[in-house]
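Please read the structure below before turning to the comments.
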Amino acid sequence: MVLDLKLRTQLDIPLEAGIISPDRLAGLTESEIARVPLIHGNRKKSLGDFFDISGTCDGEIRLVGDFTKVKSVGSGMTGGRIIIEGNSGMHLGCAMSGGEIAVEGDAGDWTGAEMSGGRIVIKGNAGHMVGGAYRGGHMGLQGGEIIVHGNTGNEAGNSMRNGLIVIMGNSGDFTGANMFSGTIIVFGELGIRTGASMKRGSIISMRHADLLPTFTYSCFYHPSFLRLYLRRLRDMGISIDDAQIEGGYHRWCGDSMELNRGEVLLFSGSPGS
Amino acid sequence: MLRIVNGKVHDPANDIDGEVRDICVKDGKIVESVPAEARRIDAHGMVVMPGGVDIHCHIAGPKVNLARKLQPEDHRYDVQHRTPITRSGTGGTVPSTFTTGYRYATLGYTTAMEAAVPPLGARHAHEELQDTPVIDKGFYILMGNNILLYDLLKEGRFKDLREAVAWWLNATKSYAVKLVNPGGDEPWKGQRNANVTKLDKKIDSLDITPRQVIKGLVDAAADLDLPHPAHIHCNNLGHSGNYETTLETMRTAEGRRVHITHIQFHSYGGELGSEPLSKAPEIIEYINTHPNVSADVGQIMFGKATIMTGDAPLSWLLRNLSGDKKWVNADTECESGCGILPFAYQEHIYTHALQWAIGLELFLLSKDPWRLVLSTDHPNGGSFASYPRLIRLLMDRNFRKEEMSKVNQRALRKINRSHLDEREYTLQEIAIITRAGPARLLGLRDKGHLGVGADADIAIYTEDDNKEEMFGVPRYVIKDGQMIIDNHEFKNDHEGRTLHVAPAYDHDIEQVIRPFFEDFYTIRFDNYPVTEHSLTLHQPFPIERRSINR
Chain X
0 MVLDLKLRTQ
10 LDIPLEAGII
20 SPDRLAGLTE
30 SEIARVPLIH
40 GNRKKSLGDF
50 FDISGTCDGE
60 IRLVGDFTKV
70 KSVGSGMTGG
80 RIIIEGNSGM
90 HLGCAMSGGE
100 IAVEGDAGDW
110 TGAEMSGGRI
120 VIKGNAGHMV
130 GGAYRGGHMG
140 LQGGEIIVHG
150 NTGNEAGNSM
160 RNGLIVIMGN
170 SGDFTGANMF
180 SGTIIVFGEL
190 GIRTGASMKR
200 GSIISMRHAD
210 LLPTFTYSCF
220 YHPSFLRLYL
230 RRLRDMGISI
240 DDAQIEGGYH
250 RWCGDSMELN
260 RGEVLLFSGS
270 PGS
Chain A
0 MLRIVNGKVH
10 DPANDIDGEV
20 RDICVKDGKI
30 VESVPAEARR
40 IDAHGMVVMP
50 GGVDIHCHIA
60 GPKVNLARKL
70 QPEDHRYDVQ
80 HRTPITRSGT
90 GGTVPSTFTT
100 GYRYATLGYT
110 TAMEAAVPPL
120 GARHAHEELQ
130 DTPVIDKGFY
140 ILMGNNILLY
150 DLLKEGRFKD
160 LREAVAWWLN
170 ATKSYAVKLV
180 NPGGDEPWKG
190 QRNANVTKLD
200 KKIDSLDITP
210 RQVIKGLVDA
220 AADLDLPHPA
230 HIHCNNLGHS
240 GNYETTLETM
250 RTAEGRRVHI
260 THIQFHSYGG
270 ELGSEPLSKA
280 PEIIEYINTH
290 PNVSADVGQI
300 MFGKATIMTG
310 DAPLSWLLRN
320 LSGDKKWVNA
330 DTECESGCGI
340 LPFAYQEHIY
350 THALQWAIGL
360 ELFLLSKDPW
370 RLVLSTDHPN
380 GGSFASYPRL
390 IRLLMDRNFR
400 KEEMSKVNQR
410 ALRKINRSHL
420 DEREYTLQEI
430 AIITRAGPAR
440 LLGLRDKGHL
450 GVGADADIAI
460 YTEDDNKEEM
470 FGVPRYVIKD
480 GQMIIDNHEF
490 KNDHEGRTLH
500 VAPAYDHDIE
510 QVIRPFFEDF
520 YTIRFDNYPV
530 TEHSLTLHQP
540 FPIERRSINR
């Protein structure tokens, strides 16, 4: 059965709702769920104060309404599914290690921050620090996938150590800053200072991008790993041009301030040139 | 009201060494007796000591705050959550203000002195200290690189120098005069990677020598009858061969009182630029035979530390050694410099192992615990949280031997092992180097002892063969008569006092200082002094003027 949570009130003050996760709510009755505590601003409240609750959770939760001010939904989740029919708030799926979150609307900042497994799909735009590390944290995304159909803010994939971030729209500044490993694929425009301080890992762009002077051109080639990635994305229903799969990429390596083992791949448009 | 019974009392200042006797508390003070209905604490099997006094640490002010900003990782992984009694905060080697106060209290420390605040940062330091709960606290102001004082020295105006020092102590509401690498910051600011190395070499662009600066301020502090003498971080910190500079600095005092801080960092032999050797025996010999000199050790403890210092050129040197690339270097106009970087001391590195051993040598060769007291120069040599471990190293030679087997053996071969093998500190000696001694060196008459009239700052530890555990978790901590930790549980928050000296001075000196401010400072003279009404709980120590014939 699916647990339906419908946001009843218009929120001015954010709700700390890390409790909304299949791990925490599975097996509880409607009335038990209504009594589950959460924090509203600096006050202790319960789920029933804000949501109409119907059904029980056996692994799937559907959230209806504008969740822009509902924070940390699905944080630390290890399995199951959350569907948000609307916008989500900050820290969505942060530190999650398994399961899936799908958002019909936009997502806030820190979406999938420090996550280590599972998948987050955002149909709209996402905020800053998607799959990033918290300030002072050593690692951002360590595994799993984040797919954003719209644009993202700055510092997507900050300090990521593994996993995949796909951005169909534009990505802001400092994409993949300080990254250790993993893959970021951006179909729209990249902002400035892409890959600043990156040690290893791959950032792929389908458009031309201005790179930092600490990146140097290394070669033109047809990366085979990328074909596998793009075919898989196509299988997931994302539209990918054949040219992007078959085509060639210019490889830039950097950041030479660090190990110089990272790469930025820029799509050249045609297979041969 | 409170009566502590059956505990073994260690109160060295009153010659009580482990005697079982009652301690009575009323209105925040130790008293002769209390009525029968007063709460009794049965301290059977426990040791009762005055609350700890830290003579040298870095816990407030602009550089401490910069160090916090520099290390968000410490905040991410060491979060102190709010409780109904205590406020939230972050830990690591540079804890936030509230956490600093609580964590000192949970070690049985009730007083701590911030050791280096540029006078311009005094207001900031006061704000932070007011938010540092439980403990009493104060700070020393940096005067060893002050341009106006240099001018007065150069012109031989010793009376004006003394008055200016007194004015500055009043204007900043600080506790003592601190010198850091006297003369070193000025060349550093003016010329690439410059420093001073010799006490008698003229400081670039100034017509005076570091020795004149040291002598001038040692004399000024002594002539003003300050409760704590000039507190000196010598030149050449960390450099091989610097022990000669340290000995010279101590000689410069010419018999007048002087405190040399984190002396471990200043006890190195060897050639400049090559590997250091231990000169701890030479240094401690001088201290043992010169009662005018006191020191704190500045022991290094393996693990994470944060270097923060007014010694800007030093931090540049360390920055090049450390793998971590982040650092801060700052200039405080006319007054000082500053450098900060994260650091880690590692057992397997020759220099670190040697530094560790030199600190222990100093402790174990010291003949007068009243004049060589415990510090790690928190957080430079290690966090104050490592004090219990350091106490165990001093009290337990088997543990020491075990730890010595883990460090770089080449370094240990360079020192005289017999210095580290035998001696074990007694509880009484520990009570001196962590409480009674620092309190006496600071001139805090009501602290560091449990005699009638003393502040009721008391720590009670359960006796344990493992001294690290014993000193790491006091059973009871009492501050100003308030039960802060009651049977291991944090029971009360408490606001400690800010301690500062208020020496009398000749107000005519303002006519000398004001024009200098108007010409060279970015802040107006009238806006500079910290006024009484901007402080909350504070305790001034007024000092009357003797007549001085100089």
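Protein sequence lines correspond, in order, to chains X and A. Quick note on numbering: numbering that gives the first Met the number 0 labels position 72 of the first sequence as 71, and the sequence is numbered without any gaps. Quick note on numbering: numbering that gives the first Met the number 0 labels position 298 of the second sequence as 297, and the sequence is numbered without any gaps. We treat Cβ as the ideally placed atom computed from N, Cα and C, and that holds for glycine.
query, result
"Whole-angstrom C-beta distance between A:Tyr139 and A:Ala115, which should lie under 8 Å", "6 Å"
"Alpha-carbon to alpha-carbon, A:Thr497 and A:Asp485", "25 Å"
"Any C-beta of chain X under 8 Å from that of A:Pro528", "no"
"Touching by the beta-carbon criterion (3+ pairs, under 8 Å), the segment 53-63 of chain A and the segment 79-88 of chain A", "no"
"Close beta carbons around X:Ser30, own chain, < 6 Å, minus the five adjacent residues each side", "none"
"Three-state class that DSSP yields for A:Asn548 in the structure shown", "Because A:Asn548 carries a pLDDT of 49, less than 50, the predicted location of this residue cannot be relied on, and no value is offered for it."
"Residue range of the unbroken alpha helix (DSSP H) whose run includes A:Leu551", "Since the first residue shown for chain A is 0 and the last is 549, residue 551 of chain A is missing from the structure and cannot be characterised."
"A:Thr105, DSSP secondary structure in three states", "coil"
"Cα-Cα separation between A:Arg549 and A:Ala175, rounded to whole angstroms", "Interpretation of A:Arg549 is limited by its pLDDT of 49, a score under 50 that renders its predicted location unreliable; no figure is taken from the coordinates."
"Start-end ranges of the alpha helix (DSSP H) lying completely within the segment 336-389 of chain A, minimum 4 residues", "349-364"
"A:Trp187 versus A:Gln263: straight-line alpha-carbon distance, rounded", "24 Å"
"Contacts around A:Val476, its chain only, beta-carbon distance under 6 Å, and the 5 residues preceding and following it disregarded", "Ala104, Gly107, Ala458, Ile483 and Ile484"
"Rounded straight-line distance, which links the Cα of X:His127 to that of X:Ser272", "Its pLDDT being 46, under 50, X:Ser272 is placed unreliably by the model, and nothing is read from it."
"Secondary structure, alpha helix (DSSP H): runs of 4+ residues fully inside the segment 221-271 of chain A", "242-251"
"Proximal residues to A:Leu198 (C-beta, below 6 Å), its chain only, five neighbours per side dropped", "Pro209, Arg210 and Glu247"
"Listed by chain order, chain X residues near A:His74 by CB distance under 9 Å", "Arg134 and Gly135"
"Sheet register partners of A:Asp53 (DSSP bridge)", "A:Ala111"
"Beta strand (DSSP E) runs wholly inside the segment 5-65 of chain A, at least 3 long, in chain order", "7-10, 15-19, 22-25, 28-30, 38-41, 45-49 and 51-56"
"Reduced DSSP secondary structure (H/G/I, E/B, other) of A:Phe515", "helix"
"Any C-beta of chain X under 8 Å from that of A:Pro71", "yes"
"Status (buried if at least 16 other CB within 10 Å, exposed otherwise) for A:Leu147", "buried"
"Counted within 10 angstroms of its Cβ, other Cβ atoms place A:Glu467 as buried (16 or more) or exposed", "buried"
"Proximity test, Cβ basis, 8 Å: X:Ser272 and chain A", "Since pLDDT at X:Ser272 reaches only 46, below the 50 mark, its modelled position is unreliable, and the value read off the structure follows with that caveat. Cβ-Cβ to chain A under 8 Å: no for X:Ser272."
"CB of A:Val529 within 8 Å of CB of A:Lys136, strictly", "no"
"Element boundaries [beta strand (DSSP E), containing A:Ser293]", "Val292 to Asp295"
"Cβ shell of A:Ala343 (< 6 Å), same chain only, five flanking positions each side left out", "Lys303"
"Collapsed DSSP secondary structure at A:Met0 in the structure displayed", "coil"
"CB contact flag (A:Pro378, A:Thr85, <8 Å)", "no"
"Cβ-Cβ distance between X:Gly268 and X:Gly246 below 8 Å", "yes"
"For A:Lys413, three-class secondary structure by DSSP", "coil"
"Anticipated Cβ contact below 8 Å, X:Ser45 with X:Val35, distance rounded", "6 Å"
"Through-space distance from X:Glu144 to X:Tyr216, alpha-carbon basis", "28 Å"
"Unbroken alpha helix (DSSP H) run spanning X:Ser20, endpoints", "Note, X:Ser20: premise wrong, no alpha helix (DSSP H); not H, not E."
"Endpoints, beta strand (DSSP E) assigned at A:Val476", "Tyr475 to Lys478"
"A:Leu498, DSSP secondary structure in three states", "strand"
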